[in-house]
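One rule links them: number in the numbering used here = place in the sequence shown (from 1) + 987.
Notes to accompany the following structure.
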Amino acid sequence: MARYQLNSQHVAQECIDDEVVIIHLDNGNYFNLEGSGAEIWTAIIAGAAVEDVVTALSEVYEASPAQTTESVHNLISHLVAEDLIIELTETVEQRPPSISQLVQTMRNGNVDSKAAFTPPALQKYQDMQDLLLLDPLHDVDESAGWPVTKA
């Protein structure tokens, strides 16, 4: 079962409500995902197997298995092409979320009925490339702050 992880060497991401904002630090492109796309992203970077994500989507949304399978695989292809995620090639100690955990997260408390499915769309923005490349994001140690002064 294929699994992916965040390309953490080159990518920063943040989930804000039902939206994910992703920045590729090497090229200055930034992206956003909403709705089912944000749910797929969250599941994938949590270590879920692609097949489990498809199964969970089918339980949460009014969509055929073929539609959810195609949507997940298309989104993953775009994420890999943009170098935002990379395939896990080795066994990771982290236990991936179960299908029931994925379903619970995707339902977000709404267990009454299945929602209408809208295929995910990765929105790409290049308008801030120069600014992001000029002043890159920095990892900050909360105890030391930033910039860290050398002793």
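All C-beta atoms in this analysis are idealised placements derived from N, C-alpha and C, irrespective of residue type, glycine included.
On the DSSP bridge list, what partners appear for residue 1101?
In the sequence shown, the residue the question calls residue 1101 occupies position 114. For residue 1101, which the question treats as bridged, DSSP gives no partner whatsoever.
With DSSP as the reference, please indicate the residues paired to residue 1011 in a beta bridge.
Counting from 1 along the sequence shown, the entry for residue 1011 is found at position 24. Residue 1011 pairs with 998.
Count the CB pairs spanning the region 995-1008 and the region 1034-1047 that are closer than 8 Å, and state whether there are at least three.
no
Cβ neighbours of residue 1008 in the same chain (closer than 6 Å, five flanking residues each side left out):
Here residue 1008 refers to the residue found at position 21 of the sequence shown. If we look at residue 1008 and ignore the five residues flanking it on each side, its Cβ neighbours are 1001 and 1019.
Output the residue ranges of the beta strand (DSSP E) runs that lie fully inside the region 1041-1086 and measure 3 residues or longer, sorted by chain position.
1072-1074
Under the three-state DSSP convention, the category residue 1139 falls into
Nothing about residue 1139 can be read from this structure; the chain reaches only from 988 to 1138.
Could you check whether the region 1103-1110 touches the region 1010-1025, counting it as contact only if at least three pairs of C-beta atoms, one from each stretch, sit closer than 8 Å?
yes
Output the boundary residues of the alpha helix (DSSP H) element that contains residue 989.
Counting from 1 along the sequence shown, the entry for residue 989 is found at position 2. Careful: residue 989 lies outside any alpha helix (DSSP H) and carries neither H nor E.
Pick from 1014, 989 and 1115 that is closest to residue 1035, judged by C-alpha positions:
Taking the first residue of the sequence shown as 1, we reach residue 1035 at position 48. Closest by alpha carbon: 989.
Do you know whose CA, among 1065, 1033 and 998, lies nearest residue 1161's CA?
A query on residue 1161 cannot be resolved here, the shown segment of the chain reaching from 988 to 1138 and no further.
Boundaries of the alpha helix (DSSP H) in which residue 1024 is found, first to last residue
Counting from 1 along the sequence shown, the entry for residue 1024 is found at position 37. Note, residue 1024: alpha helix (DSSP H), 1023-1032.
In the DSSP assignment, what are the bridge partners of residue 1019?
One-based indexing of the sequence shown puts residue 1019 at position 32. Its beta-bridge partners are 1008 and 1110.
Could you check the C-alpha separation between residue 1029 and residue 993 for me, to the nearest Å?
Counting from one through the sequence shown, the residue named residue 1029 turns up at place 42. Counting from one through the sequence shown, the residue named residue 993 turns up at place 6. Whole-angstrom Cα-Cα distance: 10 Å.
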